[in-house]
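Input: a single structure, listed below in structure tokens.
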Amino acid sequence: MQLNEAIFRDYDIRGIVGRDLSDEFSLHFGKAFGTYLAQKGAVEAFVGRDVRESSPSYYAQAIEGLVSTGVSVIRIGLVTSPMMYWARKFYKIDGGLSVTASHNPPQYNGFKPASGGGALFGEEIQKIKRLMMSEEYSTGKGKVEDREIYEEYYGDIQKRVKISRPLSVIVDCGNSTAGPFAPTIIERLGVSVKKLYCDIDPKFPNHPPDPVDATAYPDIVKMIREAKPPGRYQLGLLFDGDADRLGAVDEEGTIVRGDQMTALCARHILNKKPNSKILFELQCSKSATDDVEGHGGEVVLTRVGHSYIEEALKQEDGELAGETSGHIFFKDNWYGFDDAIYAACRLLEYVAESGQTLKALVESLPKYYSTPQTRVYAPDHRKFEIIEEIKAYFKSKKYEMLTIDGIRLEFADGWGVVRASNTQPALTMRAEATTEEKLAAIKFIIEEALYKYKKEGVYIEWGKV
Numbered sequence: 001m002q003l004n005e006a007i008f009r010d011y012d013i014r015g016i017v018g019r020d021l022s023d024e025f026s027l028h029f030g031k032a033f034g035t036y037l038a039q040k041g042a043v044e045a046f047v048g049r050d051v052r053e054s055s056p057s058y059y060a061q062a063i064e065g066l067v068s069t070g071v072s073v074i075r076i077g078l079v080t081s082p083m084m085y086w087a088r089k090f091y092k093i094d095g096g097l098s099v100t101a102s103h104n105p106p107q108y109n110g111f112k113p114a115s116g117g118g119a120l121f122g123e124e125i126q127k128i129k130r131l132m133m134s135e136e137y138s139t140g141k142g143k144v145e146d147r148e149i150y151e152e153y154y155g156d157i158q159k160r161v162k163i164s165r166p167l168s169v170i171v172d173c174g175n176s177t178a179g180p181f182a183p184t185i186i187e188r189l190g191v192s193v194k195k196l197y198c199d200i201d202p203k204f205p206n207h208p209p210d211p212v213d214a215t216a217y218p219d220i221v222k223m224i225r226e227a228k229p230p231g232r233y234q235l236g237l238l239f240d241g242d243a244d245r246l247g248a249v250d251e252e253g254t255i256v257r258g259d260q261m262t263a264l265c266a267r268h269i270l271n272k273k274p275n276s277k278i279l280f281e282l283q284c285s286k287s288a289t290d291d292v293e294g295h296g297g298e299v300v301l302t303r304v305g306h307s308y309i310e311e312a313l314k315q316e317d318g319e320l321a322g323e324t325s326g327h328i329f330f331k332d333n334w335y336g337f338d339d340a341i342y343a344a345c346r347l348l349e350y351v352a353e354s355g356q357t358l359k360a361l362v363e364s365l366p367k368y369y370s371t372p373q374t375r376v377y378a379p380d381h382r383k384f385e386i387i388e389e390i391k392a393y394f395k396s397k398k399y400e401m402l403t404i405d406g407i408r409l410e411f412a413d414g415w416g417v418v419r420a421s422n423t424q425p426a427l428t429m430r431a432e433a434t435t436e437e438k439l440a441a442i443k444f445i446i447e448e449a450l451y452k453y454k455k456e457g458v459y460i461e462w463g464k465v
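Heads up: the sequence shown begins at 1 in the UniProt record's numbering, then just goes up one per residue.
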């Protein structure tokens, strides 16, 4: 079939409903993914979906396609993507598919396929695309069954996480898929929950379901700061569109980044398992990596992308991994994939056990000056070329670089990252240094390299997401 090849990204498929995606596309995607699974000898797959308006229809069509290839489908309905990943591990079923566009705006939808070790990425996604283009599908007659997995999922978390003192939190689900689930399990752990935007609305009317987007935070920050009595809530938690990324604010309404949460959770793990490997993507703060090393952990840097990090965590035999964006992967007492609901429970467990406030814990991390993670527009067809061009420019300047994913410039007293987004027409950037003056110098080096691309729409505004 004819399709927009650009929607087959590095670790999922995302496009605009009615332009890139349709019921027909979903049917063919199901057939292609079913063929992919059949070629690997897989005979069953869990299929779930998010809250988007097009998701029920795309879900039904993808299931029809899968079944037509001989793969049997276990329908699990409305679930977070991590709940689908969990079901695969818990019930030992190879295939999995989530119909979701994660944190993207309402006009988007997409698919996250999983098989074997975890979420598919890279060349495996391209194999599914090529099967769709050729329409060379397997044929068969799979079966369909319905299964409700909620109670088993809650129970698995309750067996693993214990909250040792009373806590009161605000849970903001952004009107998305975490809404029916996150408050429930957190309350079952004995935590008092104030719900914010936990009702489902596929238009996401209150804020983007995206913890990286600063516009997601004003309401939860206001609620915490205006609470009576002051300090009523120990922290706030935010979930992205399919609940694989976590955001947090402390008891005073200050945003806590994903790498900071990862460093704090690493302390908890290292208390019990000294010398463990903790993985961070290359945009994470040196504050986080220094803290892990200071608590006896071994830091491993990896490229950005949840599928890549999940694979690296297995290859390195690590216990925990995290991204600045809020993907956090626990393998010490979980399954090694990014589950924001489980990560929230583990963060609450550590805050309770520490006896300290979240603000005090974050302030105990080493101090560096840094920019927020920043996204700037870059044409989709040019973004990777731009990275290669500025890589050559930096090389000509004889800067020290790490190039496992875009460019990380290394300096004695700081670093700067520029990379192409795998999910959007954008470059992402971040910089950090020991002083504000050095931070400004690193930012200028990046700005200077990108200045020539202004005519292509690449305009740097630090802090923009």
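Cβ coordinates follow ideal geometry from the N, Cα and C atoms, glycine included.
Cβ shell of D172 (< 6 Å), same chain only, five flanking positions each side left out
L196, Y197, I220, L238
Run through the UniProt domain "Alpha-D-phosphohexomutase C-terminal" (380-443) for me and flag every whole beta strand (DSSP E) of 3 or more residues, listed as ranges in chain order.
400-402, 407-411, 414-420, 426-433
Mind checking which residues open and close the alpha helix (DSSP H) that includes P208?
Element bounds for P208: n/a, residue is neither H nor E.
Can we count E310 as close to the ligand SAH, meaning its CB is less than 7 Å from some heavy atom?
The model depicted lacks the ligand SAH and carries no ligand whatsoever.
Leaving out the 5 sequence neighbours to the left and right, which residues in its chain are closer than 8 Å to T374 when beta-carbon positions are compared?
T428, M429, R430, I460, E461, W462, G463, K464, V465
Contact check, T69 vs G142 under 8 Å by CB: the rounded distance?
7 Å
Between the CA atoms of A441 and L358 - distance to the nearest angstrom:
32 Å
Find the nearest neighbour of L279 within the set D338, I186, T184, judged by alpha-carbon distance.
D338
In whole angstroms, give me the CA-to-CA distance for I224 and Y217.
11 Å
So, helix, strand or coil for D50, using DSSP?
coil
Count the other CB atoms within 10 Å of the CB of T215; is the residue buried (16 or more) or exposed (fewer)?
exposed
Identity of the residue in T80, V73, M1, P425 nearest R245 by Cα:
T80
Please list the terminal residues of the continuous beta strand (DSSP E) segment that includes I170.
168-172
Starting from E151, trace the beta strand (DSSP E) in both directions and tell me its first and last residue.
No beta strand (DSSP E) contains E151, which is instead part of the alpha helix (DSSP H) from 150-160.
Going by beta-carbon coordinates alone, are N275 and E252 separated by less than 8 Å?
no
Return the chain-ordered list of same chain residues with a C-beta closer than 7 Å to the C-beta of E187, the five sequence neighbours on each side being excluded.
V193
Going by beta carbon distance, what residues of the same chain come within less than 6 Å of G241, once the five residues before and after it are set aside?
S102, H103, S176, P209
DSSP beta-bridge partners of F239:
L246
Can you give me the start and stop residues for the alpha helix (DSSP H) that K89 sits inside?
81-91
Where does P218 sit, in a helix, a strand or coil, going by DSSP?
helix
Per the DSSP calculation, S192 is bridged to which residue(s)?
S168
Assuming Q234 contacts V351 under a Cβ cut-off of 8 Å, what Cβ separation, rounded to an integer in Å, is found between them?
7 Å
Within a Cβ cutoff of 7 Å, which residues of the same chain sit near V256, ignoring the five residues on either side of it in sequence?
A248, V249, D250, L358, V362
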